[in-house]
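Asks: When we follow the numbering used here, the leftmost residue of the sequence shown carries the number 1, and every step to the right adds one.
Even for Gly, the Cβ is constructed at its ideal location relative to N, Cα and C.
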Amino acid sequence: MINGQHISVIIPVLNEELSITSVIRDIPEQVDRILVVDNGSIDKTRERSLAADAEVICEIRKGYGSACLAGIRAVRPTDIIAFIDGDYSDYPEDLKSVLKPVAEGYSDLVIGYREFLSEGKLVIPRHQMWGNRISCFLIGILHGVHYRDLGPMRAIQRSSLEKLNMKDKDFGWTAEMQIKAFRMGLRVQEVPVRYRQRTGQSKISGTVKGSIMAGYKILYWTLRLMLTSRKTNSPPSHS
1 MINGQHISVI IPVLNEELSI TSVIRDIPEQ VDRILVVDNG SIDKTRERSL AADAEVICEI
61 RKGYGSACLA GIRAVRPTDI IAFIDGDYSD YPEDLKSVLK PVAEGYSDLV IGYREFLSEG
121 KLVIPRHQMW GNRISCFLIG ILHGVHYRDL GPMRAIQRSS LEKLNMKDKD FGWTAEMQIK
181 AFRMGLRVQE VPVRYRQRTG QSKISGTVKG SIMAGYKILY WTLRLMLTSR KTNSPPSHS
């Protein structure tokens, strides 16, 4: 717990046997519950997650968003829900700085925006970096809110998450959440987090199909949510 707030972390995974133990090991001790959502792994992801003392549920419906939604349904009553990928590209220790503003009541949603350069070297494929930047640019142009990143590490009050009524089953999950949060008037904050090359092959940027689908779903939610009314245009704060 932080400031008396019960915290659950959801880790959506698909074939992450090489990294999941490290991710679970490095999650801060303030986290009360770690829930790994297995989205159809055919390796030893499930066994290694259980061996690392995480809870595991299975979601047979494919898609990053489907796994996240299954995790939300599975968590018991909790105050804050955080999300982190299972590929060890994020630094789980940085969850502390992501969780703190939510636990202390300053923000409803905190997004970790990633530093893509490490020791002067780019740690993600160049097309993924530019895809992320273009997506944030389009969201800014069409919705009037400037985000630095659509990164996977984030924390949100459960009550706020329920208001968002998340729908996306695939790669548009992060964009949908951030656009809806802004348009519904949630207090959104971005904090810097570290980033490194992932372990194993990416299911998104590592394939042509994954990259195309991710771009399509982000554009889909960016355009679709233009048709909904918004309560406020207060921009997210940056740390």
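Residues in its own chain within less than 7 angstroms of V110 by CB, not counting five upstream and five downstream?
Replies: V98, P101, V102, R154, A155, Q189 and V191
Asks: Check this for me: beta carbons of I20 and V36, under 8 angstroms apart or not?
Replies: At the C-beta level, I20 and V36 come within 8 angstroms of one another.
Asks: Can you tell me whether K121 is helix, strand or coil according to DSSP?
Replies: The answer is strand: DSSP assigns K121 an E or B state.
Asks: Going by DSSP, what residue range makes up the alpha helix (DSSP H) through F137?
Replies: R126 to H143
Asks: How is the alpha helix (DSSP H) around F182 delimited, first residue to last?
Replies: W173 to R183 is the extent of the alpha helix (DSSP H) around F182.
Asks: Given that a residue counts as buried once 16 or more other Cβ atoms are within 10 Å of its Cβ, and exposed if not, what is A51?
Replies: exposed
Asks: Output needed for I72: all residues of its chain with C-beta closer than 8 angstroms, excluding positions within five of it in sequence on either side, in chain order.
Replies: I10, I81, L161 and M166
Asks: Can you give the Cα-Cα distance for S22 and I34, rounded to whole angstroms?
Replies: Going from the Cα of S22 to the Cα of I34 covers about 13 angstroms.
Asks: Residues bridged to G112 by DSSP?
Replies: V191
Asks: In chain order, what are the residue ranges of uninterrupted beta strand (DSSP E) at least 3 long that sit wholly in the stretch 56-99?
Replies: 80-83
Asks: Just how far apart, CA to CA, sit Q30 and R158?
Replies: The straight-line gap from Cα to Cα measures roughly 17 angstroms.
Asks: Give the straight-line distance between the Cα atoms of I2 and Y195, rounded to the nearest whole angstrom.
Replies: 24 angstroms
Asks: Taking buried to mean at least 16 other C-beta atoms within 10 Å of its own C-beta, is E47 buried or exposed?
Replies: exposed
Asks: Within 10 angstroms of its Cβ, does K62 collect 16 or more other Cβ (buried), or is it exposed?
Replies: exposed
Asks: From K169, D90, S107 and Y64, pick the residue whose C-alpha is nearest to that of L187; which is it?
Replies: The sequence given here places Arg at residue 187; Leu does not occur at that position. Out of K169, D90, S107 and Y64, S107 has the C-alpha closest to the C-alpha of R187.
Asks: Straight-line CA distance for K169 to G4?
Replies: 32 angstroms
Asks: Would you tell me roughly how many angstroms separate the C-alpha atoms of D149 and G105, rounded to the nearest one?
Replies: 22 angstroms
Asks: If you follow the beta strand (DSSP E) that A155 is in, where does it begin and where does it stop?
Replies: R154 to Q157
Asks: State yes or no: is the C-beta of L95 within less than 8 angstroms of the C-beta of I27?
Replies: Yes, they are a contact pair.
Asks: Measure the beta-carbon distance from G86 to V193 and round it to whole angstroms, keeping in mind my assumption that it falls under 8 angstroms.
Replies: Their Cβ separation, rounded to whole angstroms, is 16 angstroms, which puts G86 and V193 out of contact at 8 angstroms.
Asks: For the stretch 22-52, list the alpha helix (DSSP H) runs that are entirely contained and at least 4 residues long, ordered along the chain.
Replies: Entirely contained in the stretch 22-52, the alpha helix (DSSP H) runs reaching 4 residues are, in chain order, 45-51.
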